[in-house]
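Only one structure is covered here, and it is reproduced in the block below.
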Amino acid sequence: TYSGSGSTSNDTLVISGTTFGFRALVVAGGGAGGSGSANAFQSGGGGAGGTRLIYGVGPTATYATIVGRGGIWVDQTGVAGSHPGESGKNSQFSSFVTCTGGGGGGSTEFEPSNGQGGGSGGGGGGSVGEGLDRPGGTPVSGQGNTGGNGKDSITSTQAGGGGGGAGSVGADATASTGGQGGTGVVYDISGSSVTYSAGGNGGVNTNYQTGSGTTTFGGGGHYNKSGVENGGNGIIIVEVPAHPRSLSLT
91 TYSGSGSTSN
101 DTLVISGTTF
111 GFRALVVAGG
121 GAGGSGSANA
131 FQSGGGGAGG
141 TRLIYGVGPT
151 ATYATIVGRG
161 GIWVDQTGVA
171 GSHPGESGKN
181 SQFSSFVTCT
191 GGGGGGSTEF
201 EPSNGQGGGS
211 GGGGGGSVGE
221 GLDRPGGTPV
231 SGQGNTGGNG
241 KDSITSTQAG
251 GGGGGAGSVG
261 ADATASTGGQ
271 GGTGVVYDIS
281 GSSVTYSAGG
291 NGGVNTNYQT
301 GSGTTTFGGG
311 GHYNKSGVEN
321 GGNGIIIVEV
331 PAHPRSLSLT
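Heads up: the sequence shown is residues 91 to 340, going by my numbering.
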C-alpha cells in the first residue's frame with residue numbers, strides 16, 4: 091500500500107510486476123472556512139476535498155501523484171474587510187483520476203459571499219440585512235455535495251452554512267445555529283475503517299460550533315479564533331496485491 095498526504099509536491103510511484111490490478115482512494119485538499127472583518131465569525135464552513143475510490147488495471151510503469159494541501163484561512167485580526175476561505179488544492183493519481191479541492195467557505199459581515207464551488211461546495215456566509223441567504227457552493231459531479239446556505243438577518247444573529255461533505259450536503263444555517271458540515275465517507279483501504287472528507291461547520295455569532303479541519307476535512311467557519319479554520323490536507327492511498335508486484339517512490 092502506498093499512502094501520500096499533505097503537500098502539493100509531486101511524488102513518483104513505481105509499480106513493478108507486469109500487469110497489475112489496484113484499488114485507489116484519492117482525496118483532494120479541503121476548503122478553508124471564511125472570515126469577516128476583524129474576524130467576525132458567522133462565516134461559511136469549507137467544503138471537503140473531492141473524493142473518489144477507483145478500481146483499475148495498469149502496466150508496470152512510473153506514475154505521477156500529486157496530493158493537494160488544504161485551503162488556508164485568512165486571519166483578519168484588527169483588519170477591516172472580509173475574505174472567503176481559500177479552496178483546497180487538487181489531488182491527482184496519474185491519468186486515472188483527478189479530484190478537485192473543496193470549495194472555500196463564504197465570507198461574512200460587510201462583504202458577505204457565496205460558498206465557493208469545489209469537490210464539495212463551501213457553505214454560504216452569514217449576512218446582515220441583504221434580504222437573501224447566501225447560497226452554498228456547487229460540487230463536482232461524483233466527487234462531493236453542495237454546501238449549505240448562510241443565514242441573512244437584520245438582528246444580531248447571522249450564521250454561515252455548513253460545507254458539503256463526500257457523504258451528504260452541508261446543512262443550511264438557521265437564525266440561531268451555523269449549518270453542520272456534510273458527513274464524510276468511511277473506507278477501510280488503509281487497513282482499518284477511517285472517515286474521510288467531511289465538511290466544516292458554519293460559524294455563528296451566538297454559539298460556536300467547531301470546524302473539523304483534520305486530514306481531508308473542510309475547515310470550520312470562524313468564531314473568536316477558536317477551533318480549526320484551515321482545510322485538511324488531501325490523501326492518496328493505492329493498494330496493490332503484494333505478490334509478485336512491488337511499490338516504491340522515487
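C-beta atoms are modelled at their ideal positions from N, C-alpha and C, and glycine is treated no differently.
DSSP beta-bridge partners of residue i
i	result
E329	R113
K241	A249
S125	H173
S217	D242
T264	Looking at the DSSP assignment, T264 forms no beta bridge with any residue, so it has no partner.
Collapsed DSSP secondary structure at residue i in the structure displayed
i	result
G146	strand
P174	coil
I162	coil
P58	Residue 58 lies beyond the range of the chain shown here (91 to 340); nothing can be said about it.
G208	strand
V63	Given that the chain is displayed from residue 91 to residue 340, the structure contains no residue 63 and the question cannot be resolved.
V294	strand
Nearest neighbour of residue i, chosen from the options [CA to CA]
i	options	result
T150	K179, Q132, A138 and G111	G111
S177	V187, G193 and D165	G193
Q270	S282, N320 and N239	N239
G196	Q182, G212, C189 and F183	G212
E199	Q182, V330 and E220	E220
G209	V104, N320, I327 and G308	G308
F186	Y145, G214 and P202	Y145
G205	S282, N235 and T285	N235
G120	Y277, G310, P331 and Q132	G310
T141	G134, Q132, Y153 and G158	G158
S243	V259, G216, A261 and G260	G216
Extent of the continuous beta strand (DSSP E) to which residue i belongs
i	result
T236	It is not in any beta strand (DSSP E) - T236 carries neither H nor E in the DSSP assignment.
F183	S181 to F183
V276	V275 to Y277
T198	Unbroken run through T198: none, as it is neither H nor E.
V187	V187 to C189
T285	V284 to Y286
Residue i: CB within 6 Å of a non-hydrogen atom of the ligand MN
i	result
A118	Of the ligands one can find in the structure shown there are none, so the ligand MN has no counterpart to examine.
Cβ contact check for the stretch 249-266 and the stretch 214-231: 3 or more pairs under 8 Å: Contact between the stretch 249-266 and the stretch 214-231 is present, with at least three C-beta pairs closer than 8 Å.
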